[in-house]
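Below is one structure, written out as C-alpha cells, with a few remarks after it.
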Amino acid sequence: MVIWPILSSLIMIFILIVPGIFFKRKNILTEDQNGAINSIVVNLTWPCLVIDAMQIEFSVQILKDSAYILGVCLLVLAIIFVISIPFAKLIKLTKTKRYISIFMLLFGNTGFIGIPVIQALYGDEAIFYAAIVELINDVLIFTVGIMLIQMSAKANLKIEPKQFVSPGLIGVIIGLLLFLLNIQLPEVLGGSIEMIGNATTPLTMFCIGFQIGGLKFKEIAGDMQVYAICFVKLLIVPVITLLLVKIWAGDFSLLEKVLIIGFAMPVGAVASIFSQQYKGEAVFATKSVLLSTVFSLITIPIFAIIMEL
Numbered sequence: 010m011v012i013w014p015i016l017s018s019l020i021m022i023f024i025l026i027v028p029g030i031f032f033k034r035k036n037i038l039t040e041d042q043n044g045a046i047n048s049i050v051v052n053l054t055w056p057c058l059v060i061d062a063m064q065i066e067f068s069v070q071i072l073k074d075s076a077y078i079l080g081v082c083l084l085v086l087a088i089i090f091v092i093s094i095p096f097a098k099l100i101k102l103t104k105t106k107r108y109i110s111i112f113m114l115l116f117g118n119t120g121f122i123g124i125p126v127i128q129a130l131y132g133d134e135a136i137f138y139a140a141i142v143e144l145i146n147d148v149l150i151f152t153v154g155i156m157l158i159q160m161s162a163k164a165n166l167k168i169e170p171k172q173f174v175s176p177g178l179i180g181v182i183i184g185l186l187l188f189l190l191n192i193q194l195p196e197v198l199g200g201s202i203e204m205i206g207n208a209t210t211p212l213t214m215f216c217i218g219f220q221i222g223g224l225k226f227k228e229i230a231g232d233m234q235v236y237a238i239c240f241v242k243l244l245i246v247p248v249i250t251l252l253l254v255k256i257w258a259g260d261f262s263l264l265e266k267v268l269i270i271g272f273a274m275p276v277g278a279v280a281s282i283f284s285q286q287y288k289g290e291a292v293f294a295t296k297s298v299l300l301s302t303v304f305s306l307i308t309i310p311i312f313a314i315i316m317e318l
C-alpha cells in the first residue's frame, strides 16, 4: 500500500469527527444522547463488525498468524509493564496514581477506536487480526487490569466472572468459534450483521468528535503528568512495538501494521470508567483518556506513514 491511500483514509476519519464536534459545540445533542450512540456502538455495531470480519474460510496459516500476534502482544506488554514502574516514580506520581498509570500505559483503546481505524487503513482483512489484539487486551484488562485499578483505589482485590462478559468480547468469541468451526452464516443473517457492523466507524468517529468538542483544554493543560503519560503511550510504546517487529519479522506485513497501530492507540476509556466505578483516580484517568485521544489524531498517522516508507 502506498502512502496516498493511507492519507486518504486518515482524512476521511478526520472528516467523520467534524460532525461530532459541531453537534457538541452547537448543543444539538446532549451528553445522554451521545451516550446512547456510544452504547449502540459498544453493544451492537462493534460486535457485529467483528463477527462479520471473522467470516472467512479457516486456514492453518491464519491460526499461526494469530499465535504470532499473541506472542508479540504478550512480549510488548511485558516490556511496557517493566518500564512503566520506574517511569511512574520518575514523574513523581502518588502511589495510587502509579497503579492507574501502569494500567493506562498497558491498555489502549484497541476496540472502540482501534478496530474502526485499522479497518479504515487496511481494509476488512485486517479486522480479524485487530480482533485478536482486542481479545488479548480484554482478557488482560479484566484480570491484571482490574487488580491495578483496585490497588489504585485501595480496594480489596477481587475478580468476578461476570466482569469478563462484555458485548465486544462476546462478539470476538462468536466470530472466533465460527472461524475455527469453518461455519459461514446464511446470506440473510450474514448480510444483516455486515450492514450493522458497517455503521461502527462513522458512529465511533462521531462520538470521539463529540467528546473532543466538549473539551476544556484549560482544565487539562497544566497537568504535566498527563502529558508524560500521553508521550509514553502514544510515542514510546508504538516505537518499542515497531522496533520489536522490525527485528523479529524484518518488514511490515499486514500483521505487523495491525500490531503497531494497535499499540499506537490512545489510553483506553475503561481506565476512566473503572476508576469511577472503584472510586479511584478518576479525574487523572479521564484527563489522560481525553488528551491522549486528541493527540492520537496526530501520532497514529505518523506511524501509519512510517510503515509505508
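Numbering (this note's numbering), first residue to last: 10 to 318.
The beta-carbon is built from N, C-alpha and C at its ideal position, and this holds for glycine as well.
Computed from a predicted model, the values in this text were never measured in an experiment.
Please go through the same chain and pick out, in chain order, the residues whose beta-carbon is closer than 7 Å to the beta-carbon of residue i, but skip the five residues on each side of it.
| i | result |
| --- | --- |
| L189 | F67 |
| K246 | Checking the sequence, you will find Val at residue 246 rather than Lys. So the qualifying residues of the chain are I89, L114 and F272. |
| G289 | T105, I109, I158, S161 and A162 |
| A258 | E265 |
Which same chain residues end up closer than 6 Å to residue i when comparing Cβ atoms and leaving out the 5 residues on each side of it in sequence?
| i | result |
| --- | --- |
| T302 | P275 |
| D147 | L178 |
| L251 | I269 |
| G237 | Here residue 237 turns out to be Ala, not Gly, going by the sequence shown. So the list reads I100, once near-sequence residues are dropped. |
For residue i, does the three-state DSSP call read helix, strand or coil?
| i | result |
| --- | --- |
| G177 | helix |
| G29 | helix |
| G199 | helix |
| G1 | There is no way to answer for residue 1, as the model of the chain reaches only from 10 to 318. |
| G277 | coil |
| G206 | helix |
| G117 | strand |
| T39 | coil |
| D133 | helix |
| M316 | coil |
| Y287 | coil |
| Q159 | helix |
| F67 | coil |
| Q193 | coil |
| S17 | helix |
| S93 | helix |
| M10 | In this prediction, M10 scores a pLDDT of 49, lower than 50, which makes its location untrustworthy; no coordinate-derived value is stated. |
| K98 | helix |
| T152 | helix |
| D232 | coil |
| T103 | coil |
| D260 | coil |
| G223 | coil |
| I122 | coil |
Would the beta-carbon of residue i fall within 9 Å of that of residue j?
| i | j | result |
| --- | --- | --- |
| F272 | I249 | yes |
| L194 | I202 | yes |
| Q220 | G29 | yes |
| I109 | L149 | no |
| I145 | I60 | no |
| L268 | V81 | yes |
| K337 | N43 | No answer is possible for residue 337: it lies beyond the span of the chain, which begins at 10 and ends at 318. |
| A140 | L185 | yes |
| L84 | L253 | yes |
| F31 | G222 | yes |
| M316 | F261 | yes |
| L53 | I124 | no |
| S305 | A294 | no |
| K242 | A313 | no |
| P310 | V181 | no |
| F116 | G277 | yes |
When every heavy atom of the ligand COA is checked, does at least one fall within less than 8 Å of the C-beta of residue i?
| i | result |
| --- | --- |
| V153 | In the structure on display, the ligand COA does not appear, and there are no ligands present to speak of. |
Assuming residue i contacts residue j (C-beta within less than 8 Å), just tell me the rounded distance between them.
| i | j | result |
| --- | --- | --- |
| V279 | G177 | About 11 Å; that fails the 8 Å criterion. |
| D232 | K296 | 6 Å |
| Y138 | L264 | 6 Å |
| M63 | A129 | No, M63 and A129 are not in contact; Cβ-Cβ is about 18 Å, not under 8 Å. |
| I192 | L300 | Going by Cβ atoms, the distance from I192 to L300 rounds to 43 Å, so no, they are not a contact pair. |
Once you ignore the five residues that flank residue i on each side, which residues in its own chain have a CB closer than 8 Å to its CB?
| i | result |
| --- | --- |
| F226 | none |
| V27 | G218 |
| N47 | C216 |
| I71 | I65, F137 and F188 |
| G199 | D61, Q64 and Q193 |
* Counting Cβ pairs, one atom from each stretch, are 3 or more of them under 8 Å apart for the segment 93-102 and the segment 205-225? -> no
* Asked: Is there contact between the segment 196-210 and the segment 72-82, where contact requires at least three CB pairs shorter than 8 Å?
  -> no
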